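**Student:**
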Amino acid sequence: MRILAAATLLMLASGCINLEISFPWVKHVVQPVVEVGDAEFKVEVADSERERRKGLSGRSHLPPSTGMLFIPDRRWLGEFWMKGMRFPLDFIWIGANCEVVDYIENVPIPPPGADDNELRRYASLKPTAYVLEVNAGDIERFAIDIGDDVSFKDVGDGWCGN
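Residues in the sequence shown are numbered from 1 upward in steps of one, following my numbering.
Have a look at this one:
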């Protein structure tokens with residue numbers, strides 16, 4: 001029995017066994033990705049009102065080359081604020097044509113104790129379909145610019161390249 005277990009572990013480690021076929025209770029986790037120009041960001045998708053409202057607030061950081069993709073509904077205006085944020089961000093607005101239409105770099109965290117009505121709101125000057133939040137400095141680091149092509153991988157059907 002131990003030899004069979006050891007052989008199974010070796011086959012798993014070498015990729016010889018497909019976990020989904022061998023162990024149907026193991027689900028493959030797909031990581032959504034947004035490509036902006038030559039940059040690639042692993043993302044969390046905020047496509048519900050609750051997820052959009054919470055966003056990245058309360059977190060201590062965002063790992064490098066990651067972000068949050070906001071997929072709005074018709075009622076959402078696409079305005080952002082930094083309520084509850086503990087680190088600065090870059091905002092990338094993406095048009096329905098799957099191109100960068102606007103961005104704001106190095107959006108600062110709010111001052112301690114700031115009242116909600118004192119918090120600045122950020123919005124695109126152009127119509128947008130999606131918004132990508134990434135670490136402050138990523139727009140400059142990856143030379144992201146207006147007009148850059150955007151594609152989504154494993155985000156869902158019908159959106160930018162899916």
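Beta carbons: idealized from backbone N, C-alpha and C, even for Gly.
Nothing here was measured: the structure is a model prediction, and the numbers come from that model.
1. Grouping DSSP H, G and I as helix and E and B as strand, with all else coil, what is Ile139?
2. Let me know the secondary structure DSSP gives Asn106 once reduced to three states.
3. Taking only the alpha-carbon atoms, compute the straight-line gap between Ile146 and Gly95 and give it to the nearest angstrom.
4. Going by C-alpha distance, which of Val155, Ile104, Ile92 and Pro112 is nearest Gly37?
5. Is the CB-CB distance between Val30 and Asp154 below 8 Å?
6. Identify whether Lys83 lies in helix, strand or coil by the three-state DSSP scheme.
7. Report yes if the CB atom of Leu119 is closer than 8 Å to the CB atom of Met68, and no otherwise.
8. Go ahead and label Ile21 buried or exposed: buried means 16 or more other beta carbons lie within 10 angstroms of its beta carbon, across all protein chains shown.
9. Identify, in the order they occur along the chain, each residue of the same chain with its Cβ nearer than 6 Å to the Cβ of Asp47, setting aside the five sequence neighbours on each side.
**Tutor:** With the structure as the only source:
1. On the sequence shown, residue 139 is found 139 positions in, with the first residue counted as 1. For Ile139, the secondary structure class from DSSP, reduced to helix, strand or coil, is helix.
2. Counted from its first residue, the sequence shown places residue 106 at position 106. Three-state result, Asn106: strand.
3. As a first step, residue 146 is located in the sequence shown; it is residue number 146 there, counting from the start. As a first step, residue 95 is located in the sequence shown; it is residue number 95 there, counting from the start. Here the alpha carbons of Gly95 and Ile146 stand approximately 10 Å from one another.
4. Here residue 37 refers to the residue found at position 37 when the sequence shown is read from its first residue. It is Ile92.
5. Residue 30 sits at position 30 when you count from the first residue of the sequence shown. Residue 154 sits at position 154 when you count from the first residue of the sequence shown. Between Val30 and Asp154, the C-beta gap is smaller than 8 Å, which places the two residues in contact.
6. Taking the sequence shown and counting its residues from 1, the one referred to as residue 83 is at position 83. If DSSP states are grouped into helix, strand and coil, Lys83 belongs with coil.
7. Residue mapping note: residue 119 aligns to position 119 of the sequence shown, counting from 1. Residue mapping note: residue 68 aligns to position 68 of the sequence shown, counting from 1. A distance of 8 Å or more separates the beta carbons of Leu119 and Met68.
8. In the sequence shown, counting from the first residue as 1, residue 21 sits at position 21. In this prediction, Ile21 scores a pLDDT of 48, lower than 50, which makes its location untrustworthy; the coordinate-derived value is nonetheless stated afterwards. Exposed: under 16 other Cβ atoms inside 10 Å.
9. In the sequence shown, counting from the first residue as 1, residue 47 sits at position 47. The residues are Ile71.
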